[in-house]
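Last residue of the sequence shown: number 320 in numbering that gives the first Met the number 0, and the count goes up by one each step with no gaps.
Written out below as structure tokens is the structure these notes cover.
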Amino acid sequence: MTELFKLLKDGNKPSLLAAGVNTFLGIIKGIAFFFTGNVAMFAEMMHSLGDAANQLFVYIGSALSKKPPTKQFPSGFGRIVNLVCLFAVIIVAILSYETIKEGWHHFIHPSGESSGILIALGVLLIGIVLEGAVLAKAAVEVLHEAGQEKAGLTAIPKAFPYLNRAKPATKLVFMEDLVATSGNILAFAAIVIAYFTGWGRIEGLVSMIIGAMMFYVVGKVFLDNARGVIGETDEEMLNHIAYLVMDDPNIKDIVRLEVIKEGEFLHVELVAEADPQLSLAFLDDVRDHLTEIILSQKGVAKVAILFDEDDGKTSWVHAGN
Numbered sequence: 000m001t002e003l004f005k006l007l008k009d010g011n012k013p014s015l016l017a018a019g020v021n022t023f024l025g026i027i028k029g030i031a032f033f034f035t036g037n038v039a040m041f042a043e044m045m046h047s048l049g050d051a052a053n054q055l056f057v058y059i060g061s062a063l064s065k066k067p068p069t070k071q072f073p074s075g076f077g078r079i080v081n082l083v084c085l086f087a088v089i090i091v092a093i094l095s096y097e098t099i100k101e102g103w104h105h106f107i108h109p110s111g112e113s114s115g116i117l118i119a120l121g122v123l124l125i126g127i128v129l130e131g132a133v134l135a136k137a138a139v140e141v142l143h144e145a146g147q148e149k150a151g152l153t154a155i156p157k158a159f160p161y162l163n164r165a166k167p168a169t170k171l172v173f174m175e176d177l178v179a180t181s182g183n184i185l186a187f188a189a190i191v192i193a194y195f196t197g198w199g200r201i202e203g204l205v206s207m208i209i210g211a212m213m214f215y216v217v218g219k220v221f222l223d224n225a226r227g228v229i230g231e232t233d234e235e236m237l238n239h240i241a242y243l244v245m246d247d248p249n250i251k252d253i254v255r256l257e258v259i260k261e262g263e264f265l266h267v268e269l270v271a272e273a274d275p276q277l278s279l280a281f282l283d284d285v286r287d288h289l290t291e292i293i294l295s296q297k298g299v300a301k302v303a304i305l306f307d308e309d310d311g312k313t314s315w316v317h318a319g320n
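What follows is the structure in structure tokens.
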């Protein structure tokens with residue numbers, strides 16, 4: 000139990016913050032839906048509760064993924080976070096379906112004007128502020144994990160190009176809160192339009208749009224984490240490490256280089272060719288030097304290096320080489 004608490008301290012903080020915020024929003028949106036009967040509020044309630052549940056799972060998964068390797072699991076537990084993210088999107092998918100179904104029902108059979116517009120708008124305004132704050136926090140974390148400087152109010156648009164370099168949990172939080180913030184704004188607009196125009200169907204339409212956006216997150220996160228579970232190569236880091244290795248004057252060629260994503264970390268396996276005249280003691284120093292350089296790269300947690308004698312032929316060919 001003590002080990003579990005230590006691991007939880009290292010869990011993904013943006014996902015824990017997002018889970019707490021969405022739990023609070025889900026509760027107040029549920030209360031607002033009970034008093035107003037507004038279908039757009041129902042969609043937002045489902046969205047917030049779904050986000051809260053899977054972000055809590057992601058927080059726990061990100062913490063457990065940092066458990067050190069054991070004899071039984073020598074590669075470590077990094078991919079647990081990918082498995083948890085896959086489980087989390089199932090929850091979102093179910094709630095997305097329910098949201099679209101309820102929105103379609105309201106669009107076909109509008110129930111008339113909903114009451115308590117001020118309550119609904121007030122709750123949604125709170126949602127916009129809180130979700131926007133979590134989104135900004137997640138954007139800053141994305142930039143930090145990508146090695147970029149904080150960008151203040153411009154962090155959100157600046158985070159998009161670096162999403163693929165963010166940790167799985169951070170990326171999930173960013174995408175979910177981007178959709179959540181957008182959903183709050185759409186629901187707010189739908190209620191105002193319905194109130195002033197009398198076109199109640201727009202609330203059902205917006206509910207379906209929110210559900211569709213949730214499904215987009217499901218698809219995107221599922222594909223990203225399915226690749227992570229299988230074991231995806233980090234192409235950008237692979238090329239970078241290849242250049243670092245080939246810069247060493249004692250390395251003649253690279254036979255094999257793998258840079259595999261293990262959850263939030265990278266595992267590197269290298270087989271390099273060296274001059275057969277070099278002594279084992281000297282090659283051991285070369286291995287230590289290369290290991291130190293590679294481990295200093297962002298996200299790299301494990302390095303395994305083997306040497307083979309140089310055959311006089313260049314075999315390493317990769318993108319950018």
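Beta carbons: idealized from backbone N, C-alpha and C, even for Gly.
As the structure is a prediction and not an experimental result, all values here were calculated from the model.
A distance below 7 Å between beta-carbons, with the five flanking residues on each side excluded, links S314 to the following residues of its chain, in chain order: D252, V254. A distance of 7 Å or more separates the beta carbons of I90 and G60. In this model, G203 and V216 are separated by some 20 Å (Cα to Cα). Taking every protein chain shown into account, the CB of P167 has 16 or more other CB atoms within 10 angstroms, so this residue is buried. No residue range can be given for E263, since it is assigned to no alpha helix (DSSP H) and is classified by DSSP as neither H nor E.
Residue state for D284 is assigned as helix, using DSSP reduced to three classes. Taking every protein chain shown into account, the CB of I93 has fewer than 16 other CB atoms within 10 angstroms, so this residue is exposed. Nearest in C-alpha terms to H266, of all of L237, L15, M213, is L237. Considered as a whole, the region 52-124 harbours no complete run of any beta strand (DSSP E) with no fewer than 3 residues. The three-state reading of DSSP puts E130 in helix, counting H, G and I together. Nearest to P67 by C-alpha distance, out of G262, S295, S206, E257, is G262. Here Y242 is exposed. Its C-beta has fewer than 16 other C-beta atoms within 10 Å. Remark: C-beta atoms of I304 and L269 approach each other more closely than 7 Å. In the same chain as N21, and ignoring 5 residues on each side of it, the C-beta atoms closer than 6 Å to its own belong to S47, D50, A51, in chain order. The region 81-90 and the region 217-227 touch, with three or more beta-carbon pairs separated by less than 8 Å. Closest by C-alpha distance to S95, out of K170, S206, G230, F72, is S206.
K5 sits in a helix when the DSSP states are folded into three classes.
Collapsing the DSSP output to three states places L256 in a strand. With respect to the 7 Å criterion, F173 and A137 are classified as neighbours on the basis of their beta carbons.
Pairing K65 with L7 gives a Cβ-Cβ distance that is not under 7 Å.
Around the beta carbon of V128, a 10 Å sphere encloses fewer than 16 other beta carbons of the protein chains shown; the residue is thus reported as exposed.
Within 10 angstroms of the beta-carbon of T196 lie fewer than 16 other beta-carbons, which makes it exposed.
For F159, no beta strand (DSSP E) run applies, since DSSP gives it neither H nor E.
Contact between the region 176-183 and the region 35-46 is present, with at least three C-beta pairs closer than 8 Å.
Bounds of the alpha helix (DSSP H) holding E235 are 234-245. In the DSSP assignment, K301 falls outside any alpha helix (DSSP H) and within the unbroken beta strand (DSSP E) covering 299-308.
Each residue's CA atom was taken as its position, placing W103 and N37 some 14 Å apart. Across the set F33, V141, A188, the C-alpha of V141 shows the shortest separation from the C-alpha of R164. Within the same chain, Cβ atoms closer than 7 Å to the Cβ of D9 are found at A62, K65, the five residues on either side in sequence being excluded. Separation of the CB atoms of A39 and A132 is rounded to 22 Å, and the pair is thereby denied contact status at 8 Å.
Under the three-state reduction of DSSP, K219 is assigned to helix.
Your pair F187 and L124 checks out as a contact, with CB atoms roughly 7 Å apart and the cut at 8 Å.
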